[in-house]
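Novice: Residue numbers (my numbering), protein chains in the order written: chain A, 1 to 186; chain B, 1001 to 1202.
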Amino acid sequence: MRLFWKIITESVGMLLLASLLSTLGGFGIESIKQNLFILLPLLILMPALNDMTGDYGSIIASRFTTMLFLKHIKEKQWWRSHLLHRLLGEVLIIGTLSAIYIAVFASIIARFNGFAMSWDIFQRVLLIALFTTWLLVLVLFVVCVLGGFYVYKKKHDPDNYLIPLSTSLADLGSMLVLTLLVRVLF
Amino acid sequence: MKKREPFIYRTEEEILALLKQKVPRRTVREFDEILFIEFISVTGGVLAGALLAQFLDKIALIPGLLILLPGFLAMRGNISGSLAGRLSVALHLGLLNKGKHPGILHSNTVAAFTLGVFTSLILGLVAYAGTWLFFHANSPQIILIALIAGIVSNIILIPLTTRATIWLFRHGHEPDNIMGPYITTLGDVVSILSLIIAILVV
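So this is what it looks like as structure tokens:
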């Protein structure tokens, strides 16, 4: 029963904040709704991009927490840790490959749905997918590491804070970066 | 003391063998695990995007549902993601071995269910208030839709998350690498289905 209340009290605030942050992101997408309906590949790409950045937030947060609990990482000069370099490298490479894949896949589906796909539009779609992924992976990595050390020092479980925080930050961030790039590029 | 041989005197095979040693097998396996599950996840995401467009006209009929949708999707991933993360740490620390600390699994699943229902209710209330404030539409059914969808999605997702995390760990995989993408993809599909069920019920 003590564990139950510990999970509830540690999670509820962050969970509500995270869910409400994601709700805010919906307003951003609403503002470019017309563009999204016209540019079919972006509409198809949007949930995958949103999922993908959330996945990386979750992977970074949970693996970093496990490193902390297993005492594989110390706060002093954390940026020199080869484990963290490896984690960031892995996520960036996979992020790049996934971004290329979803841009190509979304463009093919859009083409089959009758959208007049051109090389110029494909390049812009690819640029949006790549830039959003790179920017968010870097931001999420820094937030997870700094936030993780802070929460761990307070003797709380970083999983209860970092996963909701990183996934919502990824949700909100991906929608905002997408909104901004669509406004700039189209 | 054995003198180190200069690099240029080594054969091509020896250099390749040395380069292979630089990348631990565990790293290659982790990379493969994440890459594989991520490709499945993003494929699911693209297909979900195409499916969502199919149901958009039905969703648009309920005022406030589009305000609820992003928060609801995020909530499902957050609750199940945290549950999987906690179980992963417990598994790594050996706390979920047979007969040892039996209450851990129960407390974790009950807490995840309680959080899911409570957060769904709050999101329903926020969506209702947002609809009323910004769109001047009185749509109290959105609260009931959020609550029913929260209960349905919890009933499906929590057992799936628990079983998958334990199964992956026991089969030598790292749940931290796989569960995140698995939860978000599954969470999206289950959440949209739960919302559609809730709309049909209400």
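Cβ coordinates follow ideal geometry from the N, Cα and C atoms, glycine included.
Only a predicted model underlies this, so the values are computations on that prediction, with no experimental measurement involved.
1. Over what stretch of residues does the alpha helix (DSSP H) that includes Val1126/B continue unbroken?
2. By Cβ distance below 8 Å, which residues in the same chain neighbour Val1202/B in space, the five residues on each side in sequence not counted?
3. Could you name the residues of chain B that Val137/A contacts, counting a contact when the two beta carbons are closer than 7 Å?
4. At the level of alpha carbons, what is the spacing between Gly13/A and Ser22/A?
5. Roughly how many angstroms lie between the CA atoms of Phe1134/B and Pro1063/B, to the nearest whole one?
6. Give a yes or no on whether the C-beta atoms belonging to Asn1177/B and Glu1038/B are separated by under 7 Å.
7. For Thr167/A, decide whether its Cβ has a neighbour in chain B, counting only Cβ atoms nearer than 7 Å.
8. Can you tell me which of the three DSSP states Ser1082/B falls into?
9. Thinking C-alpha only, which one of Thr1109/B, Pro1102/B, Gly1103/B and Gly1045/B is nearest Leu1160/B?
10. When DSSP labels each residue in this structure, what does Gly13/A get in the three-state scheme?
11. From Leu1066/B to Ile1192/B, what does the alpha carbon distance come to, in whole angstroms?
12. Does Glu90/A have its Cβ less than 7 Å from a Cβ in chain B?
13. What is the DSSP secondary structure of Ala129/A, reduced to helix, strand or coil?
14. In the DSSP assignment, find the alpha helix (DSSP H) that holds Phe105/A and state where it starts and stops.
15. On the premise that Ser1194/B lies in contact with Ser1139/B, defined as a C-beta separation below 8 Å, what is that separation, rounded to the nearest angstrom?
16. Report the residue from Gly1094/B, Leu1105/B and Gly1045/B whose alpha carbon sits nearest the alpha carbon of Ile1158/B.
17. Does the CB of Arg124/A have a neighbour CB from chain B at under 7 Å?
18. Counting only beta-carbon atoms, is Pro41/A nearer than 7 Å to chain B?
19. Beta-carbon separation of Pro158/A and Thr66/A under 7 Å?
20. Can you check whether the C-beta of Ala18/A is within less than 7 Å of a C-beta belonging to chain B?
21. State the Cα-Cα distance for the pair Val91/A and Gly1103/B, rounded to the nearest angstrom.
22. Counting only Cβ-Cβ distances shorter than 9 Å, please list the residues of the segment 1031-1049 of chain B near chain A, keeping chain order.
Specialist: Walking through what the data contain:
1. Gly1103 to Phe1135 is the span of the alpha helix (DSSP H), which, as asked, contains Val1126/B.
2. By the criterion of a C-beta distance shorter than 8 Å, Val1202/B is surrounded in its chain by Gln1141, Leu1144, Ile1145 and Ile1148, once the five residues flanking it on both sides are discounted.
3. Simply none; closest approach about 12 Å.
4. Answer to the nearest angstrom: the Cα atoms are 14 Å apart.
5. When rounded, the distance between both Cα atoms is 11 Å.
6. In this structure, Glu1038/B does not lie closer than 7 Å to Asn1177/B by Cβ.
7. At least one chain B Cβ lies under 7 Å of Thr167/A.
8. Secondary structure of Ser1082/B (DSSP, three-state): helix.
9. If we check each option's Cα against that of Leu1160/B, Thr1109/B comes out closest.
10. Gly13/A falls in the helix class under three-state DSSP.
11. Near 12 Å, if we compare the C-alpha coordinates of Ile1192/B and Leu1066/B.
12. Yes, Glu90/A lies at the interface with chain B (some Cβ there is under 7 Å from its Cβ).
13. In this structure, Ala129/A counts as helix in the three-state DSSP scheme.
14. Element bounds for Phe105/A: His82 to Phe112.
15. Contact flag wrong, Cβ pair sits at about 18 Å.
16. Of Gly1094/B, Leu1105/B and Gly1045/B, the residue nearest in Cα terms is Leu1105/B.
17. Taking Cβ atoms only, chain B never reaches closer than 7 Å to Arg124/A, which makes this a no.
18. By this cut-off, Pro41/A is not an interface position.
19. Their beta carbons are not under 7 Å apart, which means Pro158/A does not touch Thr66/A by this criterion.
20. It does: the Cβ of Ala18/A has a partner Cβ on chain B nearer than 7 Å.
21. For Val91/A and Gly1103/B, the distance between alpha carbons rounds to 35 Å.
22. If the cut-off is 9 Å between Cβ atoms, the segment 1031-1049 of chain B has Phe1031, Ile1034, Leu1035, Ile1037, Glu1038, Phe1039, Ser1041, Val1042, Thr1043, Gly1044, Gly1045, Val1046, Leu1047, Ala1048 and Gly1049 near chain A.
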